[in-house]
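Quick note on the numbering used here: the sequence shown kicks off at 14 and runs consecutively. Note that CB positions come from ideal geometry on N, CA and C, so glycine has one too.
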Amino acid sequence: MNQTSLEILEFNEIKRMLESFTLSTLGRNLAAQIAPETDAMIIDNRLNETLEARRLLDKGSGVPLSSLNGIEKIMERLDKTSALQPEELWTLRDMLTGAARMIRYMSERIMIAPTVAAYASSMFDLSDLVSEIERCILDNRVDDKASSELSRIRKRMAIVEDRIESKLNSILHSPAYKDILQEAVVSIRGGSYVIPIKREHKRSMDGAVLDVSSSGSTVFVEPSAIRALKSELDLLKAEEEKEVFKILSYLTGMAESYKKEILINIQTMAHYDFVFAKAKLANSMQAVRPMINLDHRIVIREGRHPLLGQKAVPLNFAIGEDYRALVITGPNTGGKTVVLKTVGLFSIMAQSGLHVPAAEGTELGIFTDVLADIGDGQSIQQSLSTFSSHIRNIIGILECAGPDTLVIMDELGTGTDPAEGMGLAVAVMERLYTKGCIMICTTHYSEIKEFARITPGFKNGCMLFDVKTLLPLYRLSIGIPGESNAFLISLRLGMDPQIIQRAHYITYKEHKPYERPVVTTEENKPQPLMNEDIIRTHETNKAQTQRRLEARKKAEKQRIESPYKVGDSVFITSMNRTGIVCEPENAKGEIGVMVMKKRLMVSKKRIRPFIDGKDLYPEDYDLDIVLESKEDRKKKHLMQKRHVEGLTLEHRKG
Numbered sequence: 014m015n016q017t018s019l020e021i022l023e024f025n026e027i028k029r030m031l032e033s034f035t036l037s038t039l040g041r042n043l044a045a046q047i048a049p050e051t052d053a054m055i056i057d058n059r060l061n062e063t064l065e066a067r068r069l070l071d072k073g074s075g076v077p078l079s080s081l082n083g084i085e086k087i088m089e090r091l092d093k094t095s096a097l098q099p100e101e102l103w104t105l106r107d108m109l110t111g112a113a114r115m116i117r118y119m120s121e122r123i124m125i126a127p128t129v130a131a132y133a134s135s136m137f138d139l140s141d142l143v144s145e146i147e148r149c150i151l152d153n154r155v156d157d158k159a160s161s162e163l164s165r166i167r168k169r170m171a172i173v174e175d176r177i178e179s180k181l182n183s184i185l186h187s188p189a190y191k192d193i194l195q196e197a198v199v200s201i202r203g204g205s206y207v208i209p210i211k212r213e214h215k216r217s218m219d220g221a222v223l224d225v226s227s228s229g230s231t232v233f234v235e236p237s238a239i240r241a242l243k244s245e246l247d248l249l250k251a252e253e254e255k256e257v258f259k260i261l262s263y264l265t266g267m268a269e270s271y272k273k274e275i276l277i278n279i280q281t282m283a284h285y286d287f288v289f290a291k292a293k294l295a296n297s298m299q300a301v302r303p304m305i306n307l308d309h310r311i312v313i314r315e316g317r318h319p320l321l322g323q324k325a326v327p328l329n330f331a332i333g334e335d336y337r338a339l340v341i342t343g344p345n346t347g348g349k350t351v352v353l354k355t356v357g358l359f360s361i362m363a364q365s366g367l368h369v370p371a372a373e374g375t376e377l378g379i380f381t382d383v384l385a386d387i388g389d390g391q392s393i394q395q396s397l398s399t400f401s402s403h404i405r406n407i408i409g410i411l412e413c414a415g416p417d418t419l420v421i422m423d424e425l426g427t428g429t430d431p432a433e434g435m436g437l438a439v440a441v442m443e444r445l446y447t448k449g450c451i452m453i454c455t456t457h458y459s460e461i462k463e464f465a466r467i468t469p470g471f472k473n474g475c476m477l478f479d480v481k482t483l484l485p486l487y488r489l490s491i492g493i494p495g496e497s498n499a500f501l502i503s504l505r506l507g508m509d510p511q512i513i514q515r516a517h518y519i520t521y522k523e524h525k526p527y528e529r530p531v532v533t534t535e536e537n538k539p540q541p542l543m544n545e546d547i548i549r550t551h552e553t554n555k556a557q558t559q560r561r562l563e564a565r566k567k568a569e570k571q572r573i574e575s576p577y578k579v580g581d582s583v584f585i586t587s588m589n590r591t592g593i594v595c596e597p598e599n600a601k602g603e604i605g606v607m608v609m610k611k612r613l614m615v616s617k618k619r620i621r622p623f624i625d626g627k628d629l630y631p632e633d634y635d636l637d638i639v640l641e642s643k644e645d646r647k648k649k650h651l652m653q654k655r656h657v658e659g660l661t662l663e664h665r666k667g
């Protein structure tokens, strides 16, 4: 949908709320990319997955979601480095462990959430890779037990280090060196063990001077007595480094061999993060799953604007059944704009797979576009007046409106001469109505209220106002027009009664003429009036919807025209075996074939006819006898009779 309407209706705020419920960067990215859909099947699926995720959260058992922190960079490095670091391998292990937990968790909840649980069936339990990482890595370091060679090297290193320590201790505690030592300690300089010697005695100890203190009073000497041991230790460290690299390379190579499976696990875990964020958002709003219809009918029961929460006065609203156009009147600050934004935002949220904060029975139509003009849209930079900014949007709306669009316009015709503004508003509404759209407008013009009263397909509505307290009630009443109550509100806010009396006289006794404003640029050229964003996005969405319909028709046609039927015996050329067709051809050109009691999806290019099904089995033969195991047939027969707690039927795949 066009970005103008999404911004006007504050859908970006809903997206930010959704992002706050995600645990991972990848999940947050999916939340940021959420957008309204126009395909009813996709919308229903997304709403159902949100509903199922809420069911799982309501069960109280913790969903094993993973933060996935750092996993993207690791996957980027996987093809660019010969060896991942131990901490990177351990992060990979954490992700794979989380994926395995998610697989087990979802397998136990297939009956509660079949759609959401099915996503886990595409994941892989890479327990062999996890076991190898756990065997080789301990505390973000390659463990001694990772290989026998590494164990031997490190044992030898420990022995050499003990000998060096012993030699150094004997020097420190030797009476011969007592007077030349600056301090009886061993330190390390440049990776070598050194002893601090007073500068004037630097020749009193056999060894190499490796460093001097900042004051120059101390020199650091590596004793000759440990030089040979130090050389041996350096050699062992080089061997250790080589062996560690070999082990890390082995683990990295093993991970690379599973790269496709790891990526699928990451993507699925990120999607789970996104789906459960939708569920958490719905729970926080006390939302419901709206019903979806293709008749462009909207019925909202006890709806609350998502950004107002429990402070919002519940909205009951209906359109699209007996009338397609609603004109709402009422005082300023009475809640008219909130009604418009609630209806528009609910439609966008539902088409994005999000539940809406309303009561059961709420129903929303599917629209290719929601076209909105709310607010004055003034821009100092573009020098647009209130009126011209409205007109720019309205021209775009008139261009794009059709039977599958929802049009929302606030204060139609305002910002110019009242008489001309009223005439323009009526003409615009008439044109929009002929285009077949669902239309909701607000106005203060009494003439428009009368137009809506006498015109078929239009309905008046008003925001209720308490004339005793002079306070708006923020409730919508459909069927009767309302008054703006401008004088009463002004009086309540403290305006001088004499001014209000004068305003009343001016309003009803005489008309002051106004010239229609002409907006031009600095070069005295007419300012472009059309909001091109609305038209451009509308055309893109329309083309995408058409392509999707054509692709679906093509896929259905391919499925119908497939020469292979369930029960046919076919020959699989790539396997040099025969099998029985158990699933019809899908949109990818794959056919389900039962081979040696396993179900495989095989490209139709690798299949040749063998024996037609009607030549293999009698008429009305139950193919479940061939395609299902005896145990599964018993389960299916039992499930058809009654519900059996804990009984599950698995669909096996090869």
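Look at Leu-328 here: in three-state DSSP terms it is strand. In the structure shown, Thr-591 adopts extended strand secondary structure according to DSSP, grouped into three states. A residue is called buried once 16 or more other Cβ atoms fall within 10 Å of its Cβ, and His-309 is buried on that count. A contact between stretches requires three or more CB pairs, one per stretch, nearer than 8 Å, and the region 184–194 meets this requirement with the region 204–222. With a beta-carbon spacing of about 6 Å, Tyr-577 and Ile-604 fall inside the 8 Å limit used to define contacts. Counting along the chain, the unbroken beta strand (DSSP E) around Val-583 starts and ends at 582–585.
Across the structure, Ser-74 and Thr-281 are spaced so that their CA atoms are roughly 20 Å apart. Secondary structure remark: continuous beta strand (DSSP E) runs of at least 3 residues inside the region 342–369: none found. The Cβ atoms of Glu-65 and Ile-87 do not sit closer than 8 Å to each other. In the structure shown, the three-state DSSP call for Ala-48 is coil. Between Thr-418 and Phe-380, the C-beta gap is smaller than 8 Å, which places the two residues in contact. Within a 10 Å sphere around the beta-carbon of Met-218 sit 16 or more other beta-carbons, which makes this residue buried.
In this structure, Arg-619 sits away from Val-608, with a CB-CB distance that is not shorter than 8 Å. By the C-beta density criterion, Asn-15 is buried, having at least 16 other C-beta atoms within 10 angstroms. Contact between Thr-355 and Ser-95 is absent: CB atoms are separated by about 57 Å, not below the 8 Å threshold. DSSP, read as helix, strand or coil, puts Tyr-285 in helix.
Of the residues assessed, Ala-159 falls on the buried side of the cut-off, its CB having 16 or more other CB atoms within 10 angstroms. Per the C-alpha coordinates, the member of Ser-270, Lys-349, Arg-106, Ser-79 positioned closest to Val-326 is Lys-349.
Residue environment analysis places Glu-598 among the buried positions, since at least 16 neighbouring C-beta atoms fall within 10 angstroms of its C-beta.
Here Ser-164 has Asp-157, Lys-158 as same chain residues with Cβ atoms under 7 Å from its own Cβ, once five neighbours each way along the sequence are excluded. With 16 or more other Cβ atoms inside 10 Å of its own Cβ, Phe-464 counts as buried. Within the region 145–232, the complete beta strand (DSSP E) segments of 3 residues or longer fall at 200–202, 205–211, 220–225, listed in chain order. Within the same chain, Cβ atoms closer than 7 Å to the Cβ of Gly-333 are found at Asp-308, His-309, Arg-310, Ile-311, Gly-378, Ile-451, the five residues on either side in sequence being excluded. Sixteen is the threshold: since fewer than 16 other Cβ atoms of the shown chains lie within 10 Å of the Cβ of Leu-562, the residue is exposed.
At the C-beta level, Leu-437 and Leu-411 stay beyond 8 Å of one another. Judged by DSSP in its simplified three-state form, Asp-423 adopts coil rather than helix or strand. Assigned with DSSP and collapsed to three states, Ser-270 falls in helix. Bounds of the beta strand (DSSP E) holding Phe-478 are 471–479.
Within the same chain, and ignoring the five residues on either side of Leu-223 in sequence, the residues whose Cβ sits closer than 8 Å to its Cβ are Arg-202, Gly-203, Ser-205, Val-207, Phe-233, Val-234, Glu-235. Close CB contacts of Asp-52 within its chain, under the 7 Å cut and outside five residues either way in sequence, are with Arg-561 (chain order).
Across the set Ala-600, Ile-84, Leu-367, the C-alpha of Ile-84 shows the shortest separation from the C-alpha of Ala-112. Counting along the chain, no beta strand (DSSP E) covers Glu-65; the unbroken alpha helix (DSSP H) around it starts and ends at 53–71.
For the pair Val-76 and Arg-106, the CB atoms are not nearer than the 8 Å cut-off. About 6 Å separates the CB atoms of His-318 and Val-351; that is less than 8 Å, so the two are in contact. For the pair of segments examined, the region 237–246 was found to touch the region 171–189: the number of CB pairs separated by less than 8 Å reaches three. Counting every other CB atom within 10 Å of its CB across the protein chains shown gives Phe-330 a total of 16 or more, marking it as buried.
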